[in-house]
Amino acid sequence: MRIGLFRLLKLFFVSLFLQASWSFHSMQSLGFLVITMMGIDKKKSEFLSQHSRTFFNTHPYMAGFIIGAVLHSFDKENSLEDLKKHIMVSQSAFASFGDTLFWQTIRPTLLVIAIITGVKYGLIGPLIFLLLYNLIHIYFRFYGFTTGYKMGWDVIYILKGKNLYWIQRISESIGAFCIGLLPIILDKGFNLLFLIPLSGIFIILLWKRVAPILILTFVFILIIINLIFL
Numbered sequence: 008m009r010i011g012l013f014r015l016l017k018l019f020f021v022s023l024f025l026q027a028s029w030s031f032h033s034m035q036s037l038g039f040l041v042i043t044m045m046g047i048d049k050k051k052s053e054f055l056s057q058h059s060r061t062f063f064n065t066h067p068y069m070a071g072f073i074i075g076a077v078l079h080s081f082d083k084e085n086s087l088e089d090l091k092k093h094i095m096v097s098q099s100a101f102a103s104f105g106d107t108l109f110w111q112t113i114r115p116t117l118l119v120i121a122i123i124t125g126v127k128y129g130l131i132g133p134l135i136f137l138l139l140y141n142l143i144h145i146y147f148r149f150y151g152f153t154t155g156y157k158m159g160w161d162v163i164y165i166l167k168g169k170n171l172y173w174i175q176r177i178s179e180s181i182g183a184f185c186i187g188l189l190p191i192i193l194d195k196g197f198n199l200l201f202l203i204p205l206s207g208i209f210i211i212l213l214w215k216r217v218a219p220i221l222i223l224t225f226v227f228i229l230i231i232i233n234l235i236f237l
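Under our numbering, the first residue of the sequence shown is numbered 8, with each subsequent residue one higher.
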């Protein structure tokens, strides 16, 4: 099954307002309901609005996977109770993965790249961050709708797939290398011989899943040693 282009574009633009009606009581529930209603026919949307008042909260960039699966279920005439069960399970899974991928990995990595570029080329740094970050999250929104609609509730299994795994690991490695490079960019007196081991240590520790606070502590110790003895 494939989602139509007009339907996809409509869902994408409306999804940008997922959190516009955010509340402590139901979180993103109203936004999720409105977006879903935009993707189904009037009769089904009236039924959904009358019977769906559930809590909903997930990562905003990953919501498209769930909404696409919901539209798939409606087109397949699945029951509303079955729909609610799948939504409750999938929203937590995509929220956890999205937070790790974007807030913990991609955004910090792009910020470090922007800082390094900004030190050298000024305003180009933040512009690169805005361009790359928005391209990535827009891609994930479109990809979420199309994949969710195509796979239905099996879409949750892509979280265990190799593609997303390698995106996260490569982003971590790039971020680690850039953080190792950052002291050299900021401090002209920094010993260049520190670049390779410092960046290498960052990458190894990240791939070994060492806690970030321990990695930062270790790096600060190395920087202090460099300033005192080298």
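Just so you know, even glycine gets a beta-carbon here, dropped at the ideal spot from N, CA and C.
Which of helix, strand or coil DSSP assigns to residue i
i	result
F62	coil
S178	helix
S22	helix
S36	helix
Residues near residue i by beta carbon distance below 6 Å, same chain, minus five either side
i	result
H93	W160
L37	S28
F104	L166
Bounding residues of the alpha helix (DSSP H) (the contiguous stretch that carries residue i)
i	result
D89	L87 to G105
A76	A70 to D82
Outcome for residue i when other beta-carbon atoms lying within 10 angstroms are tallied against a minimum of 16
i	result
H66	buried
V162	buried
F6	Here the chain covers residues 8 to 237 and nothing more, so residue 6 does not appear.
V77	buried
S178	buried
Y68	buried
I113	buried
S99	exposed
L117	buried
V96	exposed
L25	buried
F63	buried
L142	exposed
I145	exposed
N109	Checking the sequence, you will find Phe at residue 109 rather than Asn. Result: buried.
F101	buried
F13	exposed
Same chain only: Cβ atoms within 8 Å of residue i, ignoring 5 sequence neighbours per side
i	result
I74	L18, S22, F39, I42, T43, G46, G151, F152 and G155
A121	G132, P133, I135 and F136
H58	Bear in mind that a pLDDT of 47 at H58, under 50, signals an unreliable position, so the model cannot answer this.
F149	L15, F19 and G71
V119	G182, C185, I186 and L189
K83	G159
P115	G182
Check: residue i C-beta below 7 Å from any heavy atom of the ligand PLP
i	result
H79	Although the ligand PLP was asked about, the structure shown includes no ligands whatsoever.
Completely contained alpha helix (DSSP H) runs for the stretch 108–195, where each covers 4 or more residues: 114–128, 131–158 and 169–193
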